[in-house]
Structure formats: structure tokens, C-alpha cells
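Residue numbers (full-length UniProt numbering): 1 to 110.
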């Protein structure tokens, strides 16, 4: 788990407290942060995105990420980790993207 280059400075409380380490987010998968109502994903190596964890169908919280899909348990809607688009319904609208900042191995809400 090779460390970064060391001297990252600044960025203290710019976007708030760090949400996760990049190591916490599996490639092709992701992690749901229920308290922040956000899901952070890594669609491809080194690419991190975040979406609202509130399903666009009826407002349930998405619960898991597997096989490149963000899954809602209420009515089995699921969404692509690549762009938040609906893979299968009943949801018809994509999950809204949430801005994050990746600084070294730290992921923070922007």
C-alpha cells in the first residue's frame, strides 16, 4: 500500500471532514455513506465519483454497490457506477452526482 508523495498541504476543512480513503472504495464498486446520504464509487482504477444515495424512485436509501451497479433495496432499481444512470427501474431518473475532492488518498465532500 505505497504511500503518497508526502507533502500535501492545505485543504484542512475546505469541504469538511474526509469521507473515506481511496483504499476503502473498491474498483468497479463503491461504498454507501448513510449519514452523509452519498455513495462513493470507483468506476475504473483511480477514477472516483459520488452520487446521492437517495433513490430517485421513492426516496429510499440505496444500500449496496455490486457488479458495477448501485442498488436500491426497496423496489430493486439500480444505477450505473459510471454515470449514475438508471440500469433498471422502476426509477426513471439518474442519481444526481455529488462533487467530491480527492487529495492524495483522501476523499472529501467538495
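Virtual Cβ for every residue (Gly too), placed ideally from N, Cα, C.
Simplified DSSP assignment, three categories, for residue i
i: residue 61; result: strand
i: residue 50; result: strand
i: residue 102; result: strand
i: residue 108; result: strand
i: residue 117; result: The first residue shown for the chain is 1 and the last is 110, placing residue 117 beyond what the model contains.
i: residue 97; result: strand
Opening and closing residue of the beta strand (DSSP E) in which residue i lies
i: residue 87; result: 86-88
i: residue 18; result: 18-21
In DSSP terms, what residue i is bridged to
i: residue 77; result: BP columns for residue 77 are empty, so no partner.
i: residue 134; result: Since the first residue shown for the chain is 1 and the last is 110, residue 134 is missing from the structure and cannot be characterised.
i: residue 70; result: 65, 79
Across the region 102-109 and the region 80-92, are there enough close Cβ pairs to call them in contact, namely three or more that are closer than 8 Å? Inter-segment contact for the region 102-109 and the region 80-92 is absent: fewer than three beta-carbon pairs are separated by less than 8 Å.
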